[in-house]
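As you go down the protein sequences, you meet chains X, Z, E, V, U and G in turn.
Once you know that position 58 of the first sequence is 58 in the UniProt record's numbering, the rest is easy, because the numbers rise by one and skip nothing.
Once you know that position 23 of the second sequence is 23 in the UniProt record's numbering, the rest is easy, because the numbers rise by one and skip nothing.
Once you know that position 59 of the third sequence is 59 in the UniProt record's numbering, the rest is easy, because the numbers rise by one and skip nothing.
Once you know that position 49 of the fourth sequence is 49 in the UniProt record's numbering, the rest is easy, because the numbers rise by one and skip nothing.
Once you know that position 7 of the fifth sequence is 7 in the UniProt record's numbering, the rest is easy, because the numbers rise by one and skip nothing.
Once you know that position 23 of the sixth sequence is 23 in the UniProt record's numbering, the rest is easy, because the numbers rise by one and skip nothing.
Backbone N, C-alpha and C fix where the C-beta goes; we use that ideal spot for every residue, glycine too.
Below is one structure, written out as C-alpha cells; the observations come after it.
Protein chains: 6
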Amino acid sequence: MPYVKIEVTREGVTRQQKQALIAGVTNVLTEILNKDPNLTHVVIQEIDLDDWGYGGEQVSVLRERGITANK
Amino acid sequence: MPYVKIEVTREGVTRQQKQALIAGVTNVLTEILNKDPNLTHVVIQEIDLDDWGYGGEQVSVLRERGITANK
Amino acid sequence: MPYVKIEVTREGVTRQQKQALIAGVTNVLTEILNKDPNLTHVVIQEIDLDDWGYGGEQVSVLRERGITANK
Amino acid sequence: MPYVKIEVTREGVTRQQKQALIAGVTNVLTEILNKDPNLTHVVIQEIDLDDWGYGGEQVSVLRERGITANK
Amino acid sequence: MPYVKIEVTREGVTRQQKQALIAGVTNVLTEILNKDPNLTHVVIQEIDLDDWGYGGEQVSVLRERGITANK
Amino acid sequence: MPYVKIEVTREGVTRQQKQALIAGVTNVLTEILNKDPNLTHVVIQEIDLDDWGYGGEQVSVLRERGITANK
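As C-alpha cells, this is what we get:
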C-alpha cells in the first residue's frame with residue numbers, strides 16, 4: 001500500500017511529464033518492493049515559486065538571479 | 001490535538017460536501033478519541049486528475065476510459 | 001481516490017480505537033463523496049508529546065501542567 | 001536536511017510575508033539545529049477557507065460570523 | 001527542488017531496498033524533469049500495519065486473513 | 001490557523017532544541033502573519049538516516065563518508 005507525494009516547483013511541468021513521473025515512480029516501487037501497482041498511489045503537487053524557499057530565499061528570487069535547479 | 005489532511009481528486013466536491021466532511025471527520029475523532037473539537041483541525045486538498053496516479057496511470061486517463069472511483 | 005492522514009498525539013491510542021478511526025473516516029468519505037472504500041486509504045501517525053507544539057509550547061509541558069485535549 | 005511545510009489559510013498573504021516566513025523559519029532551524037541553510041527547504045501551502053475546518057466548522061463559515069485567527 | 005515522501009507499510013523493508021528506492025526515485029525525477037539530484041530530497045516513512053487502513057480495515061487485519069499487497 | 005510540519009534527520013535533537021524550535025517557529029508565524037499562537041500547531045518529525053535521501057544517496061551513507069549538514 002504505498003502512497004507517494006511528489007512536490008516540485010511549478011515551472012511548466014507538462015501532462016506527459018506527469019504521466020512519466022507517475023509511471024516511473026510506480027515502476028520503481030513495484031520492482032523494488034514487489035508491490036501491486038493497483039495499491040500504489042502517486043500524487044504530484046506543484047508549488048508556486050513564491051511558496052518554495054531554499055537557503056532562506058524564495059525560489060522566485062533565485063530564478064530572477066538566474067539560479068536554476070537544472071542538472 | 002489532532003490534525004487531519006484529506007486528499008481527494010478534484011471532481012466537483014461542493015462547499016456543502018466539504019462542510020459535511022469536516023463535521024463528519026471531526027465527529028469521528030471526538031467520539032473515538034474523546035478529543036476537544038476546538039483542538040481538531042481538518043484540511044481538505046483537492047488534487048487535479050492529471051496529478052493523481054493509480055496503478056501507474058493518471059486518473060485523468062482512467063476517467064477518459066470510463067473508470068471511476070465511485071462505489 | 002481519497003487518501004487521509006490523521007496525526008494525533010501519542011497518548012495510548014489502542015488498536016481498537018485505530019480500527020474505529022479507520023472505519024469511521026472511511027465511512028464518512030464513502031457516504032459524503034460516494035467513493036469506493038477499496039480506493040480509500042487512511043494512515044494514522046502518532047506524534048510524541050515532545051514533538052507537538054501548540055501555543056508555542058510542547059504538549060508534554062502542557063500535560064505536566066495538567067492541560068489536556070479532552071473534550 | 002530539514003524540510004518544513006507551512007500550511008496557512010489563504011487570506012491575503014503577500015509575497016513579502018512569504019519571503020519573511022521563509023527567511024525566519026530557515027533562520028530558526030539554522031540557529032537551533034546548526035543546519036546548513038542550503039540544505040533547508042521551506043514550502044508554504046495556502047488553504048482556501050472552505051477547505052480548512054476547525055471545531056467541526058469551515059473557516060469560511062467562522063469568518064462570516066466574524067471569528068478570526070488574529071492574535 | 002523536488003521533495004518526495006514515500007509512505008509504505010512496515011513489512012521488513014531492508015536498508016538496501018531503501019537505498020534502491022532513493023536512487024530509483026531520484027533518477028526518475030532527474031531524467032524526466034532534468035532536476036539537479038543535489039536539490040532532490042526523498043523521505044521514506046514506514047507505517048505500522050495497525051496504522052494503515054484500506055477499504056475500511058486495518059492492514060494488520062487484512063494480513064491476518066492472508067491478503068497481501070504483493071503483485 | 002497555521003499548521004507547520006518540520007522534518008529533520010534523527011541526529012540527537014534534544015527536548016530543549018525541540019521546545020526552542022516550537023517556540024521559534026510559532027513566534028515567526030505570530031509576528032509575520034499576526035496569528036493567534038493558540039491556533040498555531042507545530043509538529044516535529046525525526047527521520048532515520050536510512051530513510052532520508054539526498055542526491056540519490058542515503059544520508060546514513062553520506063554520514064559514513066563524513067559529509068554533514070552542519071553549517
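Roughly how many whole angstroms lie between the Cα atoms of residue i and residue j?
i: I38 of chain G; j: E11 of chain E; result: Before going further, note that residue 38 of chain G is Asn rather than Ile in the sequence given. C-alpha separation (whole angstroms): 21 Å.
i: A20 of chain X; j: R63 of chain Z; result: 18 Å
i: E46 of chain Z; j: E7 of chain Z; result: 6 Å
i: G66 of chain X; j: V42 of chain G; result: 34 Å
i: W52 of chain U; j: V59 of chain U; result: 6 Å
i: D48 of chain X; j: M1 of chain G; result: 21 Å
i: E57 of chain X; j: K5 of chain V; result: 15 Å
i: G55 of chain Z; j: T40 of chain X; result: 6 Å
i: A69 of chain V; j: A69 of chain E; result: 19 Å
i: N34 of chain U; j: V28 of chain X; result: 18 Å
i: K3 of chain G; j: Y3 of chain U; result: The displayed chain sequence assigns Tyr, not Lys, to residue 3 of chain G. Cα-Cα distance, rounded: 19 Å.
Hey, out of the options, whose CA is closest to residue i's CA?
i: K18 of chain G; options: G:L29, G:I44 and G:Y3; result: G:I44
i: Q16 of chain G; options: V:K5, V:I22, V:K71 and V:I32; result: V:I32
i: V13 of chain X; options: Z:D50, Z:L29 and Z:G24; result: Z:D50
i: V61 of chain U; options: E:K71, E:D48, E:A23 and E:N34; result: E:A23
i: V36 of chain V; options: G:V4, G:K5, G:K35 and G:T9; result: The sequence as given places Asp at residue 36 of chain V; Val does not occur at that position. Here the closest residue by C-alpha is G:T9.
Assuming residue i and residue j form a contact by the criterion Cβ under 8 Å, report the distance between their Cβ atoms to the nearest whole angstrom.
i: T30 of chain V; j: K71 of chain G; result: 6 Å
My parser needs the alpha helix (DSSP H) runs of 4 or more residues fully inside the UniProt domain "4-oxalocrotonate tautomerase-like" (2-60) of chain X; what are they? 15-33
Interfacial residues, the UniProt domain "4-oxalocrotonate tautomerase-like" (2-60) of chain E to chain X, with Cβ spacing under 8 Å: Listed by position along the chain: Y3, H41 and V43.
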